[in-house]
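Residue numbers (this note's numbering), protein chains in the order written: chain A, 814 to 1607; chain B, 26 to 196.
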């Protein structure tokens, strides 16, 4: 059957009814009898030695059940990455020193939130303040305060004691490349500190029952959380059960192990009672992990026709007080540099620099919006200097289908060229481009373009996903999957695939997900690989159950499987309607004749199955992904030249996601990413001074409201297809699209005003300053003779 | 253990009567208890979400005497005798309301954490103004943050629920 019933259709969300009625259970909704409230004591200083901690007064407060410090832990360290080069570097509570404001020092469990807070206030800590450093360039100076004096130093960088990680890679010969180039440009771009802005606060409930730790936590992958929690608690994995809850947004901010998760667990083990810790919004803004601000120095050499011949990129990350994902973002920034365009000679260096700022986490796009903003902005400048339009220069360099990447990966049916063409056509790009700057009025319009590419899935623990499909007596199916629905629609997509493979109405597919004890292991919702990896596992599991049923029917009617037709929860012999069995009958027949086999299908999938591990973070050697998505995004802006305010009037996203399993969910992802990029471009900034967050509330950290959203259109370039019973390839769609659009906005502001944005956010101040500069320059040009006359007449 | 006298001193409690989703509830509260905590922790209706405790995200929006209010900034003691509606009270007789259906049809939900607050703000809007314009919809929802959807699908859902010619996107 070639006609698809569910895959490729905009099926309504499986979790929709729960979510519109308030039945959906999130971590903060779970309540257990005898539950205690936990709170965390945090450092008020960016860098200090802990001289003394006295918990006696807190312990003596009526209603307090436990107070713990690092002395109550096993001292096992953890890290976002744990490799021989980058070993775990953080304890769950501070030992001897605090390295950023908000670092966790102690935790209490009490009968209610008020008592818990009172107890926190009663803990006495004596600090000896240490000099602190907040800027990565200051931190790289030889006399800078050392954030981690005992860390192994990055090779060859001994004087720069705060460099916590380095990625260095390249190919060809950039020096030769630059010599060959007709035109070389060097620019420096900066991105700023933003946060994830998930609506559901960080929350964990833990309940220790003699030999089993039950955990409910707001996360991006229950299996990853289980492994990290079990490790720091020194428990076997099997002693920790992370239960399913719905998750109220993550965007990268809920993947690391957080201290509150450990503390809830440990406090429950100490008290024997369930302990719940919910972070306040102020804590999340001030002490939890944000994204990664990068400084990017880019030198590019091109031929006269715009062909890139060499590129040299240096990315410096203000990585905060512990390693976090700081060493990952400098690896990824290389990847997002080399993906969309052919660069025959590349030299890349990324540095992750420790400072006394809070730790950094992945944030949707994880380096991609920053680096694409820089490269795409510079590419537009180059195009302008060479007299080439933005579409042509991108088409000239865009990767073609089946190109091999320098690391050995292949882009397969890469649709980038079509994305650029369709985006240019749909937005009428070339007719609009360059018109804004001709206009002398107050309100000026501009159009800009940005390209990006993103990987779909890579190898990092737990590396693979398993899925089980159980047939029920009534012919319906239950899917067991470890996939976690963080809002992206994992449960819906997996149900669609199972319904398709089993020829079942989607209503007959029940889904049980993301519980580490009852569902198979899963990669989780954090490396953009779920629809591909877990989806293929689900396809295989459902196909396995379907094939078992077909074989039974073939045996019953003494025919071959090829003679059978399937549909309407029945299997029948082609052309012989009397030789027909319903699913219900098949299952009963199986139980009766196959020693009780109730028909269970199994499936599993791993990306790059012949690859041993993830690529090297330091050298980039090794394969990264087998699925690369490509996109071209266009922004149209309107700039008020009196106030300097810019706004996006229309956003267009044309992307190659392979094919959309659920087009409505894909459009939802696009809209959400455009909205997030608008926040990045214009509104959001975590402002810090001396390591303190100055705006720890949504009143002052301005996330886009409904007024700020713009018209957002999207179109897909279809490069892959789905066939029942066959493996399929889909590409990433959930995070890369925050990138091209950010660059497009910057380029559109230039198109409207002639002002080039070298740093995010694109604030009215920067735009006004740029306009003033332009006016001054043009006045100088026209006024020069007049000034000379004035000079002479003196 | 807390001594009884000490407990009284630390928490002078009051009994308030709240009509929650049409049912009168008698709850004992401390004056400092926010309505959201009473609804979620005491009454046990966890559909109302607590996103910031600062009155900035709108996830905790409930209807108090028909008007959308931030239950994290409302003290429960101030609600004595008032009519309170939460997301659990939107479906009638087991049938979800037009706006709930429209959220499903337009893909106006992702993580779902802002959804209950959004639905309450929209319910109040549609009761006062059955055919709101897009600017009126935006005005009514300006206090409800959504990080996932980019809002456009939510506007479409309101237009669908108010019969303004928007057809379902999902099936």
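Using N, Cα and C, we set each Cβ at its ideal position, and we do this for glycine too. Being a predicted model, the structure only gives us computed values, none of them experimental.
Mind reading off the beta-carbon distance from residue i to residue j? Whole number of angstroms is fine, and I expect it under 8 Å.
i                       : j                       : result
residue 1034 of chain A : residue 1339 of chain A : 6 Å
residue 1470 of chain A : residue 1521 of chain A : Residue 1470 of chain A to residue 1521 of chain A, Cβ: 26 Å. No contact.
residue 1321 of chain A : residue 1290 of chain A : 6 Å
residue 53 of chain B   : residue 40 of chain B   : 5 Å
residue 1344 of chain A : residue 1474 of chain A : 6 Å
residue 1099 of chain A : residue 1577 of chain A : About 27 Å separates the two Cβ atoms, so there is no contact after all.
residue 1042 of chain A : residue 1117 of chain A : That pair is no contact at about 58 Å.
residue 1523 of chain A : residue 1461 of chain A : 4 Å
How would you write the range of the alpha helix (DSSP H) that residue i sits in, first residue to last?
i                       : result
residue 931 of chain A  : 926-935
residue 1242 of chain A : 1242-1245
residue 951 of chain A  : 949-952
residue 1082 of chain A : 1072-1084
residue 1195 of chain A : 1181-1199
residue 147 of chain B  : 140-153
residue 1478 of chain A : 1476-1491
residue 158 of chain B  : Here residue 158 of chain B belongs to no alpha helix (DSSP H), and DSSP marks it neither H nor E.
residue 1098 of chain A : 1094-1099
residue 200 of chain B  : Since the displayed chain B opens at 26 and closes at 196, residue 200 of chain B lies outside it and no answer follows.
residue 1039 of chain A : 1035-1046
residue 1516 of chain A : Where residue 1516 of chain A is concerned, there is no enclosing alpha helix (DSSP H), given that its DSSP letter is neither H nor E.
At what residues does the beta strand (DSSP E) containing residue i begin and finish?
i                       : result
residue 1395 of chain A : 1389-1395
residue 93 of chain B   : 92-95
residue 1547 of chain A : Unbroken run through residue 1547 of chain A: none, as it is neither H nor E.
residue 1257 of chain A : 1256-1268
residue 1443 of chain A : 1441-1453
residue 1111 of chain A : 1107-1115
residue 996 of chain A  : 996-1003
Output needed for residue i: all residues of its chain with C-beta closer than 7 Å, excluding positions within five of it in sequence on either side, in chain order.
i                      : result
residue 174 of chain B : 133, 135
residue 943 of chain A : 860, 861, 862, 958
Within its chain, find whatever has a CB closer than 8 Å to the CB of residue i; leave out the 5 residues flanking it on each side and keep chain order.
i                       : result
residue 1565 of chain A : 1249, 1250, 1257, 1258, 1259, 1450, 1451, 1452, 1459
residue 1347 of chain A : 1278, 1280, 1294, 1295, 1296, 1303, 1307, 1335, 1336, 1418
residue 1093 of chain A : 1014
Beta carbon of residue i, beta carbon of residue j: below 8 Å?
i                       : j                       : result
residue 1278 of chain A : residue 1304 of chain A : no
residue 81 of chain B   : residue 1511 of chain A : yes
residue 1105 of chain A : residue 1176 of chain A : yes
residue 1017 of chain A : residue 1077 of chain A : yes
residue 1397 of chain A : residue 1385 of chain A : no
residue 1571 of chain A : residue 1001 of chain A : yes
residue 997 of chain A  : residue 1114 of chain A : yes
residue 839 of chain A  : residue 1161 of chain A : no
residue 68 of chain B   : residue 45 of chain B   : yes
residue 878 of chain A  : residue 1150 of chain A : no
residue 1664 of chain A : residue 1103 of chain A : Given a span of 814 to 1607 for chain A in the structure shown, any question on residue 1664 of chain A remains unanswerable.
residue 833 of chain A  : residue 129 of chain B  : yes
residue 1608 of chain A : residue 882 of chain A  : Any answer about residue 1608 of chain A is impossible in this case: the structure gives chain A only from 814 up to 1607.
residue 1554 of chain A : residue 1487 of chain A : yes
residue 1493 of chain A : residue 1182 of chain A : yes
residue 1435 of chain A : residue 112 of chain B  : no
residue 47 of chain B   : residue 114 of chain B  : yes
Below 6 Å CB to CB, which residues in the same chain sit around residue i once its five sequence neighbours on both sides are set aside?
i                       : result
residue 194 of chain B  : 131, 132
residue 1447 of chain A : 1236, 1240, 1262, 1465, 1557
residue 848 of chain A  : 1087, 1089
residue 919 of chain A  : 854, 882, 936
residue 1209 of chain A : 1119, 1120
Looking at C-beta atoms only, is the number of pairs between the segment 1427-1436 of chain A and the segment 896-909 of chain A that lie closer than 8 Å three or more?
Because the criterion of three Cβ pairs below 8 Å is met, the segment 1427-1436 of chain A and the segment 896-909 of chain A touch.
Can at least three beta-carbon pairs, one atom from the segment 1309-1320 of chain A and one from the segment 1420-1429 of chain A, be found at a separation below 8 Å?
Under the Cβ criterion (8 Å, minimum of three pairs), the segment 1309-1320 of chain A does not count as touching the segment 1420-1429 of chain A.
Three or more C-beta pairs under 8 Å: does that hold for the segment 175-193 of chain B against the segment 150-165 of chain B?
Touching, yes, given that three or more Cβ pairs across the two stretches are closer than 8 Å.
Evaluate contact between the segment 1258-1275 of chain A and the segment 1552-1567 of chain A, counting only Cβ atoms and requiring at least three cross-stretch pairs below 8 Å.
Short answer: they touch.
Three CB pairs or more closer than 8 Å across the segment 1434-1442 of chain A and the segment 1538-1545 of chain A:
Under the three-pair Cβ rule at 8 Å, the segment 1434-1442 of chain A counts as touching the segment 1538-1545 of chain A.
Count the CB pairs spanning the segment 155-172 of chain B and the segment 79-96 of chain B that are closer than 8 Å, and state whether there are at least three.
Here the segment 155-172 of chain B lies against the segment 79-96 of chain B, with 3 or more beta-carbon pairs under 8 Å apart.
Does the segment 54-62 of chain B come into contact with the segment 94-109 of chain B, if we say contact requires no fewer than three beta-carbon pairs (one atom in each stretch) closer than 8 Å?
Cβ pair count under 8 Å is three or more, so yes.
Evaluate contact between the segment 1129-1147 of chain A and the segment 1218-1227 of chain A, counting only Cβ atoms and requiring at least three cross-stretch pairs below 8 Å.
Short answer: they don't touch.
Please determine if the segment 1401-1410 of chain A and the segment 1343-1358 of chain A are in contact, where contact requires at least 3 C-beta pairs separated by less than 8 Å.
The segment 1401-1410 of chain A, when compared against the segment 1343-1358 of chain A, does not touch it at the 8 Å Cβ threshold.
Say whether the segment 1023-1031 of chain A touches the segment 1044-1059 of chain A, bearing in mind that this needs 3 or more beta-carbon pairs closer than 8 Å, one atom from each stretch.
Under the Cβ criterion (8 Å, minimum of three pairs), the segment 1023-1031 of chain A counts as touching the segment 1044-1059 of chain A.
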